[in-house]
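First residue of the sequence shown: 1, per my numbering; consecutive thereafter.
Note that beta-carbon positions come from the ideal geometry of N, C-alpha and C, so glycine has one too.
Shown next, in C-alpha cells, is the structure this report addresses.
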Amino acid sequence: MSWSLNIGTVAGTIVRVHLTFLLFLGWIFAASYASSGAAAAWDTLLFIVLLFLCVLLHEFGHIFTARAFGVTTPYVTLLPIGGVAQLERIPEQPGQEFLIAIAGPLVNVAIAFLLVLFAGAQLNAGASAVDNTQIAMVDRLAAVNLFIALFNMIPAFPMDGGRVLRAALASKLGYVRATEIAASIGQFVAFALGFIGLLFNPILIFIAIFVYLAASSEAHMVALRAVSRGVPVSHAMMTQFATLMPDAHVEEAVQTLLATSQGEFPVVDGAGKPVGLLGRADIIKAIKTLGPDARVADAMAAELPTIGHRRSLEDAFKLLQEKQAPAVGITDASGALVGLVTSETIAEMVMLQNALPPGGRIGPWSRPAGA
Ligand SMILES: [Zn+2]
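Spelled out as C-alpha cells, the structure:
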C-alpha cells in the first residue's frame, strides 16, 4: 500500500493517489513539452488534472450513494486508468447496487451539462481530440465527461454498466448467475479492448488486463460466497491441525512447520483458547531476528479472528476478508479452538460441491433449479 500517497480526506473517505499516476502526469507533461513547447505542456497538464478531478467526482457519486444505503468507503484511489472507490461491501439488493453504479456516470453527464449551461462549452465532434490545445478547454472537458459516462456504461463487469446489468439480471436470475454473465461479457470486452490496443494504443492493453482480472475475481468471490451461504461452519472447517503453546520455543515451531503441511499455526493457551496465530513468515523472521530460543508468544504477529462453531461458513468467509487474515479460528461454547477455516478450506469446498451430483450437494445449491 506504500505505492499510494494520501492527499486528504473527504467526508470520511481517504483520497489516495497512486505513484504511477504522478509518473503518468510527468510523462504527459514531458511528451507535450517535447512536441509543442511549454505553453502547450502546461495547458495539457491542467487539462489532465481537471479531468481527474471529474473522475474523482464520479467516484464520489458512487461513494455518497453507497453511504445513503449505510455502506462506507474507507478509500478512493486515483490510478492512471481512472479512479477506484473501495466500498466496504456491495449491497446484494439489486436496486441498491443499480443506484450506486449509475450515480457515477450520472455525475459526468451532469458536469458536461453544467459546462454547456454555465461555461459556454460547445459539444462537437472536434472536441473529442483531447490533446488538441487549439480547442477551448471547456469544450474538451465537456466532451471527455460524456466519453467517461459512455465508456463506464459498457455493460461489462467491472465497469459501472456491468453492475447495472448485473442488478437488472439479478432480480430474474439470482445474484450468482447474473454475476457470471456480467463477468463473461467483461472478459469478452477485455479481449476486444486488448486486441484494439495491440493495433492502435498500448494504454488500452493495460485497461484490458485490469478489466479481465477484476471481472474474474468478482465472479470468483461471488461464487465462493454463494457456496458458503447456509452451510454450518462445522461442516467445512479443518479439524486436524497442529497448534503451538505461547511459551514454546520457536525451534519447536520450525519442527512443526517441517513435520506438517500447514503454513499457519494457531497459538492456544493451556485451556485450548486461541491467543494468536504464527505463520511461516513469522517463524522465519523470528529465527533471523530473535534466534531459535525465542518464545512463540514474542514471534506471533496477528491475533486470530474467531467465530463460534454454530455460525455459517459465509460468516467465517466474511471475517476472513474483513480482517485480511490467513485463517479464522472456530471455537466451541467454552471458547476452546475446535477448527480452522482458511481460503483453501473454502476452495476445496467449492471443488467438492462441483464434483457432487446435484442431489448430494450441501447448502443452498441442493434446492432444485428454479426454486
Ligand atoms: Zn464508476
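Cutoff 8 Å; reference residue i; Cβ partners in own chain excluding five residues on either side
i, result
"residue 65", "99, 100, 103"
"residue 293", "249, 250, 251"
"residue 16", "4, 5, 6, 7, 75, 76, 77, 78"
"residue 89", "71"
"residue 55", "78, 82, 83, 148"
"residue 315", "233, 307"
"residue 169", "177, 178, 181, 182"
Integer Cβ distance of residue i from residue j, believed to fall under 8 Å
i, j, result
"residue 253", "residue 296", "6 Å"
"residue 219", "residue 271", "About 43 Å; that fails the 8 Å criterion."
"residue 213", "residue 346", "With a Cβ gap of about 20 Å, residue 213 and residue 346 do not count as contacting."
"residue 63", "residue 40", "Not a contact, Cβ separation roughly 34 Å."
Exposure of residue i, with buried meaning 16 or more beta-carbon neighbours within 10 Å
i, result
"residue 351", "exposed"
"residue 267", "buried"
"residue 191", "exposed"
"residue 367", "Only weak support is given to the placement of residue 367: the predicted model assigns it a pLDDT of 33, under 50, and the value that follows is read from those uncertain coordinates. Per the 10 Å Cβ criterion, exposed."
"residue 312", "buried"
"residue 32", "buried"
"residue 282", "buried"
Length of the line joining the Cα atoms of residue i and residue j
i, j, result
"residue 44", "residue 344", "49 Å"
"residue 61", "residue 235", "42 Å"
"residue 269", "residue 245", "6 Å"
"residue 206", "residue 333", "50 Å"
"residue 307", "residue 331", "6 Å"
"residue 94", "residue 167", "4 Å"
"residue 196", "residue 18", "26 Å"
"residue 34", "residue 68", "47 Å"
"residue 230", "residue 139", "54 Å"
"residue 237", "residue 221", "19 Å"
"residue 318", "residue 122", "49 Å"
"residue 348", "residue 262", "15 Å"
"residue 309", "residue 338", "8 Å"
"residue 286", "residue 305", "22 Å"
"residue 164", "residue 280", "42 Å"
"residue 110", "residue 117", "10 Å"
"residue 371", "residue 171", "Its pLDDT being 31, under 50, residue 371 is placed unreliably in this model, and the value from its coordinates should be taken loosely. Cα to Cα, residue 371 sits roughly 14 Å from residue 171."
Which residues DSSP lists as bridging residue i, in chain order
i, result
"residue 327", "342"
"residue 265", "278"
"residue 85", "76"
"residue 6", "16"
"residue 306", "329"
"residue 295", "249"
"residue 232", "312"
"residue 244", "267"
Contacting residues, own chain, Cβ-Cβ under 7 Å from residue i (five flanking each side not counted)
i, result
"residue 92", "175"
"residue 112", "142, 145, 146"
"residue 275", "246, 267, 268, 269"
"residue 152", "104, 105, 159, 160, 161"
"residue 380", "Lying outside 1 to 371, the shown extent of the chain, residue 380 is not represented and no answer is given."
Own chain, CB closer than 6 Å to residue i, minus 5 neighbours either side, in chain order
i, result
"residue 87", "66, 71, 73"
"residue 185", "156"
"residue 42", "none"
"residue 303", "276"
Proximity test, residue i beta-carbon vs ligand 3 heavy atom, cut-off 8 Å
i, result
"residue 101", "The ligand content of the structure shown is limited to ligand 1, which means ligand 3 is not among them."
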